[in-house]
Amino acid sequence: MQGTFLRRTGILFTRTLLGLIFFMQGFGKVFMYTIPEVYGKFFKDFENTFLPKWVIWFAAYYTSYVELVAGFLLIIGLFRKCAYYLLALDLLIVSFGHGLIEPIWDLSHVMPRALLLIVLLLAPEDWDQWNLDGIRHNKIKA
Numbered sequence: 007m008q009g010t011f012l013r014r015t016g017i018l019f020t021r022t023l024l025g026l027i028f029f030m031q032g033f034g035k036v037f038m039y040t041i042p043e044v045y046g047k048f049f050k051d052f053e054n055t056f057l058p059k060w061v062i063w064f065a066a067y068y069t070s071y072v073e074l075v076a077g078f079l080l081i082i083g084l085f086r087k088c089a090y091y092l093l094a095l096d097l098l099i100v101s102f103g104h105g106l107i108e109p110i111w112d113l114s115h116v117m118p119r120a121l122l123l124i125v126l127l128l129a130p131e132d133w134d135q136w137n138l139d140g141i142r143h144n145k146i147k148a
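Going by the numbering used here, the sequence shown opens with residue 7, and the numbers climb by one from there.
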């Protein structure tokens, strides 16, 4: 009983923490800066690479909105698997982008998020019982 409670608490904490990290990052990009400003600050340099401009704009919108929406979904525990996969793609895009501009020596932004996401992806489903997906499917266990 104690072990089950600790596992569920640990996964709830991990999912909520990762959700907060992504949500706050996406919130800042979408509402505080706006996507055009984010593009100018963080994506404009990619115009000097082989990437077409529409791909760069897509990446700016995708990463910003996925971080906002999927982060929120993780916090409330709704559509978790979909959110995990969208955020995994987000991290791949971000890692590719960082590596395209300069060698990736600084992993301080991507690695903590990736490790938390890997924990959630590998954790058995019954460890993550405290979520809205469980209510939606009538699977909540004490």
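Cβ coordinates follow ideal geometry from the N, Cα and C atoms, glycine included.
Nothing here was measured: the structure is a model prediction, and the numbers come from that model.
Query: Phe64 versus Phe33: straight-line alpha-carbon distance, rounded; Result: 17 Å
Query: Distance, Val100 Cα to Leu74 Cα; Result: 15 Å
Query: Touch test, the segment 15–31 against the segment 114–127, Cβ-Cβ under 8 Å, three pairs minimum; Result: yes
Query: Extent of the continuous alpha helix (DSSP H) run through Val116; Result: Val116 to Leu128
Query: 8 Å contact criterion, which Arg21 and Leu80 should meet: CB distance rounded; Result: 5 Å
Query: As assigned by DSSP and simplified to three states, the class of Asn137; Result: coil
Query: Assigned secondary structure, Asp51 (DSSP; H/G/I helix, E/B strand, else coil); Result: helix
Query: Buried or exposed by the 16-neighbour rule on C-beta atoms within 10 Å, applied to Ser114; Result: exposed
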